[in-house]
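**Student:**
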Amino acid sequence: PGRRGGNETRTDTHCPYCALQCGMTLTPAADVAPREFPTSRGGLCQKGWTSASLLDSPARLTTPLVRTGGELRPASWDGALDLIAARLTGLQAEHGRDAVAVFGGGGLTNEKAYLLGKFARVALGTSQIDYNGRFCMSSAAAAGLRAFGVDRGLPFPVTDLAGADVIVLVGSNPAETMPPFLQQLQGAAAAGGLVVVDPRRTPTAEQANVHLAPAPGTDLALALGVLHATVAEGLIDEAYVAERTAGFDETWRIAARYWPEHVERITGVSAADQRALARMLAGAGNAYVLTARGAEQHATGVDTVSAWIDVALAHGLPGRAGSGYGCLTGQGNGQGGREHGQKADQLPGYRKLADPAAREHVAGVWGVDPDSLPAPGRSAYELLDVLGRPEGPKAMLVFGSNVVVSAPRSQRVTDRLEALDFLVTADVVLSETAAMADVVLPVTQWAEEDGTMTNLEGRVLLRRKAIDPPEGVRSDLDVLAGLAERLGQPAGRFPVDAEEVFTELRAASAGGVADYSGVTYERLRAGEALHWPVPAAGHSGTPRLFLDGFAHPDGRARFVAVEHTGPAEPPDAEFPLQATTGRLLQHYQSGAQTRAVPELAEAVPEACIEVHPDTAARAGVAVGEVATVESRRGAVTAPVRCVPSMRPDVVFVPFHFPGGQRANLITNPVLDPTSRMPEFKVCAARLVPAGAA
Ligand code: SF4
């Protein structure tokens, strides 16, 4: 490939952003066009259409930067890598292996995620590695594991959804986050069966046949009410429950107390609507329950997902052809990113780091002693919260993440980053986190390198190189290899070629849950649709899981008995509103990439505060005026947008923006006890005129 060399070659690839991984073609002149692909059916959203802008953006980093005299100044690659190796070696010699932390991202390719995990465990020998997927998919992953024994976002192809007559979306707003996905919902919408559960009347809720708007943090109670109605009205699929599940009796002992009128008082969703949803699910030919971050980003996120899985099990949906439960993955490689070992407790193949057999297998592939592999480390927020403290790491390497904007309680996180002795970031632009670093490494992005991604349906995709990277930029794989060598690793232990890394990843994943051993670049180049597990060279992949049984030893799915407890921080007289956060159509995650795309930045240049007009009036602020949302942890200041469909007790702030508009200045970092997911989606807050804070 050339760079800006004309339009003669079209490379088939995928969008750099979300987990739908829409199909597109790209020319060396960065001409983007949609192409037919099952998840996107020829569609792209505004983010995808404009994605090539970042390739040549003035914001693009093209030389390493090293902080000298308080300023980030251009440096040579050798100088930057030598400095990093020397500082990390020194800090580890003084404070031990765990003095260095590594933070990854759910947008990294499978190869990068894999090599990052290996780099942390082998080259650094640190236990302190986790990644931003902890803030994204961890609750659904944990709930899927305990219900089904395997966590794959959608255990069926996206296109199966088109045949459903009822689809229940819980805490999902694909009309803004992944618009081409809406095509898969049209069958259900036409049948009158598209149901959206969301405290906000989002653009997705606008298109639904039924919109249920529970108070933030009460989705779990709503699921219990629907389960209660299902059982009480004799709508449960008794044969399925008897033959394919375990644990119903214990679950019902709790759900029996959640009769719909009681749940109406907790959630604000009428008892009639709860019963109607139970009847819709029971009457459907094919039905799906799908959860996303709205249900999952809570201190009770795992239990909330479990409650909705319980509803799906009561109606006999999971593991039945044409029906099911699934979680809509957010980040581009949210699925693959959680399978290959950049998670604190995990090794490649979705193996557990604490499992001796897993350690032995992976250590064998890596050519190291299993006993040399560290124990599981801290989860993302717990790691960020101890940076620079006596018991915490003194240095951190960040790849593909912008925690200053994306982590909860972001001022605390910023303070912890400042307390580090040494911070390194590898990124495409000078993100808010990179701007704090001591060394910034400019790395390649999607169209400039080969790499695989695993989309929301567990399908492994090849994102191909379409153009050469700008001069001065290196791939993350190159960076890891260069650092590993400087840290004393033998030559060749950290390959730089993506296909070579993938070959090693296949061996490391072999025999694991997420088994990629039969996936090759050659098969992907040929366009084969390979959904993991693909355990052998001739294996055609597993598009649908659980049709013959679930992954627990007895083949049964588990009902999980869960109880509603509500938000960790309920509203009170001082903070009477409930603040929630989410995404906008034009921006992606922390906005580091999309804020650098002129069309997107011009369309939505800053955050807004969405409230009901009465809420704004009570606070003494008018539409368009700048106001402040305060919580016990901080304040966000932005113009007010009055939305008559908002619940009067809720205030919404999008989380893509920096500085004083960081939604995460107010969010509550209380963690789910199982997934360690922070409670991004609800905290007590108040609205005041700007300047009154
Ligand atoms: Fe498709 Fe997501 Fe890219 Fe939009 S951001 S084009 S929905 S992959």
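In this text, residue positions in the sequence shown follow full-length UniProt numbering: the first is 20, and each later residue adds one.
Where is the CB? At the ideal position from N, CA and C, for every residue including glycine.
A quick note: this is a predicted structure, and the numbers were derived from the prediction, not measured.
Return helix, strand or coil for Arg660, following the three-state DSSP convention.
**Tutor:** Here Arg660 sits in strand by DSSP.
**Student:** Classify Val422: buried if its beta carbon has 16 or more other beta carbons within 10 angstroms, exposed otherwise.
**Tutor:** It is buried - the Cβ of Val422 has at least 16 other Cβ atoms within 10 Å.
**Student:** Span of the beta strand (DSSP E) holding Gly343?
**Tutor:** Start and end: 343 to 346.
**Student:** For Arg312, collect the residues of the same chain with a Cβ closer than 8 Å to its Cβ; drop the 5 residues on either side in sequence, then sort them by chain order.
**Tutor:** Once the five neighbours on either side are set aside, the close Cβ partners of Arg312 are Cys155, Gly190, Ser191, Gly349, Gly601, Phe699, Lys700.
**Student:** Any contact of the segment 572 to 590 with the segment 179 to 198, i.e. 3+ C-beta pairs under 8 Å?
**Tutor:** With the cut-off at 8 Å, the segment 572 to 590 and the segment 179 to 198 do not touch.
**Student:** Would you list the residues sitting across from Met472 in a DSSP beta bridge?
**Tutor:** For Met472, which the question treats as bridged, DSSP gives the partners Leu480.
**Student:** Using the C-alpha atoms, what's the distance from Thr433 back to residue 749?
**Tutor:** What the structure shows of the chain is the stretch from 20 to 712, and residue 749 is not part of that stretch, so it cannot be assessed.
**Student:** Between Met156 and the ligand SF4, is there a pair consisting of the residue's CB and a ligand heavy atom that are separated by less than 6 Å?
**Tutor:** No, the Cβ of Met156 stays beyond 6 Å of every heavy atom of the ligand SF4.
**Student:** Measuring only the C-alpha atoms, how far is Arg86 from Ser494?
**Tutor:** Roughly 21 Å separates the two Cα atoms.
**Student:** What residue ranges within the segment 222 to 307 form continuous alpha helix (DSSP H) runs of no fewer than 4 residues, ordered along the chain?
**Tutor:** Listed in chain order, the complete alpha helix (DSSP H) runs (minimum 4 residues) inside the segment 222 to 307 are 222 to 226, 238 to 251, 257 to 263, 267 to 274, 279 to 286, 290 to 302.
**Student:** List in chain order: all unbroken beta strand (DSSP E) runs of 3+ residues lying wholly within the segment 560 to 609.
**Tutor:** The qualifying runs are 596 to 601.
**Student:** How about His558 and Gly537: are their beta carbons less than 7 Å apart?
**Tutor:** The answer is yes: Cβ separation under 7 Å.
**Student:** Leu74: beta carbon under 6 Å from a heavy atom of the ligand SF4?
**Tutor:** It does not: the Cβ of Leu74 is nowhere closer than 6 Å to a heavy atom of the ligand SF4.
**Student:** Under 7 Å between the Cβ atoms of Arg29 and Thr44?
**Tutor:** Cβ distance < 7 Å, so Arg29 and Thr44 count as in contact.
**Student:** Output the boundary residues of the beta strand (DSSP E) element that contains Glu315.
**Tutor:** Note, Glu315: premise wrong, no beta strand (DSSP E); alpha helix (DSSP H) at 312 to 315.
**Student:** Can you name, in chain order, every residue of its own chain whose Cβ lies under 8 Å from the Cβ of Ala38, other than the five neighbours on each side?
**Tutor:** Same-chain partners within the cutoff: Gly172, Met197, Leu347, Thr348, Gly349, Gln350, Gly351, Asn352, Gly353, Gln354, Asn474, Leu475.
**Student:** What is the DSSP secondary structure of Thr30, counted as helix, strand or coil?
**Tutor:** Residue state, collapsed to three classes: strand.
**Student:** Residues in its own chain within less than 6 Å of Ala139 by CB, not counting five upstream and five downstream?
**Tutor:** So the list reads Val121, Thr145, Ile148, once near-sequence residues are dropped.
**Student:** Cβ-heavy atom distance between Tyr36 and the ligand SF4 below 6 Å?
**Tutor:** Indeed, a heavy atom of the ligand SF4 lies less than 6 Å from the Cβ.
**Student:** On the DSSP bridge assignment, give the partners of Val498 in chain order.
**Tutor:** None, per the DSSP bridge assignment.
**Student:** Whole angstroms is fine: what's the gap from Glu262's alpha carbon to Val330's?
**Tutor:** Cα to Cα, Glu262 sits roughly 16 Å from Val330.
**Student:** Below 8 Å on the Cβ atoms is my contact criterion, and I expect Ala161 with Val321 to pass it. Report the Cβ-Cβ distance as a whole number of Å.
**Tutor:** That pair is a contact at about 5 Å.
**Student:** In whole angstroms, what separates the C-alpha of Cys661 from that of Arg705?
**Tutor:** Straight-line Cα distance between these residues: approximately 15 Å.
**Student:** Could you tell me which uninterrupted alpha helix (DSSP H) segments, each at least 4 residues in length, are contained entirely in the UniProt domain "4Fe-4S Mo/W bis-MGD-type" (27 to 76), listed from first to last along the chain?
**Tutor:** If we require 4 residues or more, the alpha helix (DSSP H) runs fully inside the UniProt domain "4Fe-4S Mo/W bis-MGD-type" (27 to 76) come out as 65 to 68.
**Student:** Could you have a look at Tyr369 and say whether DSSP puts it in helix, strand or coil?
**Tutor:** Coil, per DSSP.
**Student:** Got a sec: does the ligand SF4 put a non-hydrogen atom nearer than 6 Å to the Cβ of Met472?
**Tutor:** Checking every heavy atom of the ligand SF4 against the Cβ of Met472, none is found closer than 6 Å.
**Student:** Considering only the beta carbon of each residue, do Ala615 and Ile628 sit closer than 7 Å?
**Tutor:** Going by C-beta atoms, Ala615 is not nearer than 7 Å to Ile628.
**Student:** Under 8 Å by Cβ, that's how I've got Leu100 and Val448 pegged, so tell me the actual separation to the nearest angstrom.
**Tutor:** Rounded, the Cβ-Cβ distance is 20 Å, inconsistent with contact.
**Student:** Between which two residues does the beta strand (DSSP E) holding Ala529 run?
**Tutor:** Ala529 -> no beta strand (DSSP E), and no H or E assigned at all.
**Student:** Check whether the Cβ of Cys346 lies closer than 6 Å to any heavy atom of the ligand SF4, and answer yes or no.
**Tutor:** Result no, Cβ not under 6 Å from the ligand SF4.
**Student:** Have a look at Pro552, Val458, Gly125, Ser694 and flag the residue whose alpha-carbon is nearest the alpha-carbon of Leu91.
**Tutor:** For Leu91, the nearest C-alpha among the options comes from Val458.
**Student:** Can you determine whether any heavy atom of the ligand SF4 sits closer than 6 Å to the C-beta of Pro279, and answer yes or no?
**Tutor:** Pro279: no, Cβ never under 6 Å from the ligand SF4.
**Student:** May I ask which residues mark the beginning and end of the alpha helix (DSSP H) holding Pro193?
**Tutor:** Run containing Pro193: 193 to 196, per the alpha helix (DSSP H) assignment.
**Student:** Let me make sure I understand the geometry here. Which of Val141, Asn305, Glu280, Asp292 has the alpha-carbon closest to that of Ala207?
**Tutor:** It is Asn305 whose Cα lies nearest to the Cα of Ala207.
**Student:** For Pro488 versus Thr463, is the C-beta spacing smaller than 7 Å?
**Tutor:** Going by C-beta atoms, Pro488 is nearer than 7 Å to Thr463.
**Student:** Among residues of its own chain, excluding the 5 on either side of residue 17, which ones have a beta-carbon nearer than 7 Å to its beta-carbon?
**Tutor:** There is simply no residue 17 to check, as the chain begins at 20 and stops at 712 in what is shown.
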